[in-house]
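Asker: So the sequences go chain by chain: D and F.
So the mapping is simple: my numbering equals the position in the first sequence, first residue as 1, plus 160.
So the mapping is simple: my numbering equals the position in the second sequence, first residue as 1, plus 112.
Idealized CB from N, CA, C, for every residue including glycine.
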Amino acid sequence: EAQVTQNPRYLITVTGKKLTVTCSQNMNHEYMSWYRQDPGLGLRQIYYSMNVEVTDKGDVPEGYKVSRKEKRNFPLILESPSPNQTSLYFCASSTPGQGAGEQYFGPGTRLTVT
Amino acid sequence: QKEVEQDPGPLSVPEGAIVSLNCTYSNSAFQYFMWYRQYSRKGPELLMYTYSSGNKEDGRFTAQVDKSSKYISLFIRDSQPSDSATYLCAMSKTSYDKVIFGPGTSLSVIP
Numbered sequence: 161e162a163q164v165t166q167n168p169r170y171l172i173t174v175t176g177k178k179l180t181v182t183c184s185q186n187m188n189h190e191y192m193s194w195y196r197q198d199p200g201l202g203l204r205q206i207y208y209s210m211n212v213e214v215t216d217k218g219d220v221p222e223g224y225k226v227s228r229k230e231k232r233n234f235p236l237i238l239e240s241p242s243p244n245q246t247s248l249y250f251c252a253s254s255t256p257g258q259g260a261g262e263q264y265f266g267p268g269t270r271l272t273v274t
Numbered sequence: 113q114k115e116v117e118q119d120p121g122p123l124s125v126p127e128g129a130i131v132s133l134n135c136t137y138s139n140s141a142f143q144y145f146m147w148y149r150q151y152s153r154k155g156p157e158l159l160m161y162t163y164s165s166g167n168k169e170d171g172r173f174t175a176q177v178d179k180s181s182k183y184i185s186l187f188i189r190d191s192q193p194s195d196s197a198t199y200l201c202a203m204s205k206t207s208y209d210k211v212i213f214g215p216g217t218s219l220s221v222i223p
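Set out below in structure tokens:
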């Protein structure tokens, strides 16, 4: 089944404790992206990747890191999480050749930082 | 001024109605325009994807882009209760660029 998977789905952590949210897709997609969704602010792009080893900042990259060492995986790293990073996070990937246009989203990761 | 604006609603319509959802934007460089539907507690799913100006139709859904007015619309004909969701517009300058989403419009279709 074609899909984007994220793990964990739910995470409660404390300020300053490094964490990684994994994202994997099985559709050979080139473009992958991370978003956060907050009430009243909608979806905001954190980072995106056009292909292996090629990443760029979205609108809200501060406090986050990403890497794209393999085509299928695009982990999101919070090296020192803070309460303002409490949010719902989505990973997405896009049909080859369609870039940002046709994105398939994962199920989301709800992160709480206390 | 936000780059992409969208009336958050909520919008409530009777079953069978025609629904019009709209977004305005400020950056004339946007060329790729998307509409996503998001059910509660789920990830967004792509509904429509258009490049530049014009109309695109897919079943009960029609997307319109008016670049001269910086205005995009999504029309839903014969709306169904299953269309009750949040609708997000999104846009980007190139196909491999960052994507800007509108805040979403909450729609309820009442049986």
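What's the call for residue 262 of chain D, buried or exposed, on a 16-neighbour Cβ count within 10 Å?
Answerer: With 16 or more Cβ atoms within 10 Å of its Cβ, residue 262 of chain D is classed as buried.
Asker: Flag this pair as yes or no: are the beta carbons of residue 179 of chain F and residue 164 of chain F separated by less than 9 Å?
Answerer: A contact, by the Cβ cut-off of 9 Å.
Asker: Spatial neighbours of residue 131 of chain F within its chain, please: C-beta separation below 6 Å, excluding the five flanking residues on both sides.
Answerer: So the list reads 125, 188, 191, once near-sequence residues are dropped.
Asker: Give me the Cα-Cα distance between residue 210 of chain F and residue 146 of chain F, rounded to the nearest whole angstrom.
Answerer: Going from the Cα of residue 210 of chain F to the Cα of residue 146 of chain F covers about 13 Å.
Asker: If you check the beta carbons only, do residue 235 of chain D and residue 269 of chain D fall under 9 Å apart?
Answerer: For residue 235 of chain D and residue 269 of chain D, no; Cβs fall outside 9 Å.
Asker: Where does the unbroken beta strand (DSSP E) through residue 201 of chain D begin, and where does it stop?
Answerer: That residue, residue 201 of chain D, is in no beta strand (DSSP E); it is neither H nor E in DSSP.
Asker: Thinking C-beta only, is residue 272 of chain D closer than 9 Å to residue 172 of chain D?
Answerer: Contact flag set, yes.
Asker: For residue 245 of chain D, which of helix, strand or coil comes out of DSSP?
Answerer: Helix at residue 245 of chain D.
Asker: Could you name the residues of chain D that residue 158 of chain F contacts, counting a contact when the two beta carbons are closer than 9 Å?
Answerer: Correct list: 261, 262, 263, 264, 265.
Asker: Could you work out which residues of chain F lie near residue 363 of chain D, taking near to mean beta carbons separated by less than 9 Å?
Answerer: Here chain D covers residues 161 to 274 and nothing more, so residue 363 of chain D does not appear.
Asker: Would you kindly work out how many angstroms separate the C-alpha atoms of residue 215 of chain D and residue 223 of chain F, rounded to a whole number?
Answerer: Cα to Cα, the separation comes out at about 46 Å.
Asker: By how many angstroms is the C-alpha of residue 210 of chain D removed from the C-alpha of residue 208 of chain F?
Answerer: Rounded to whole angstroms, residue 208 of chain F to residue 210 of chain D spans 6 Å at the Cα level.
Asker: Give me the subset of the stretch 196-226 of chain D whose CB atoms are less than 8 Å from a CB atom of chain F, sorted by chain position.
Answerer: So the list reads 200, 201, 202, 203, 204, 205, 208, 210, 216, 217, 218, 219, given in the order they occur along the chain.
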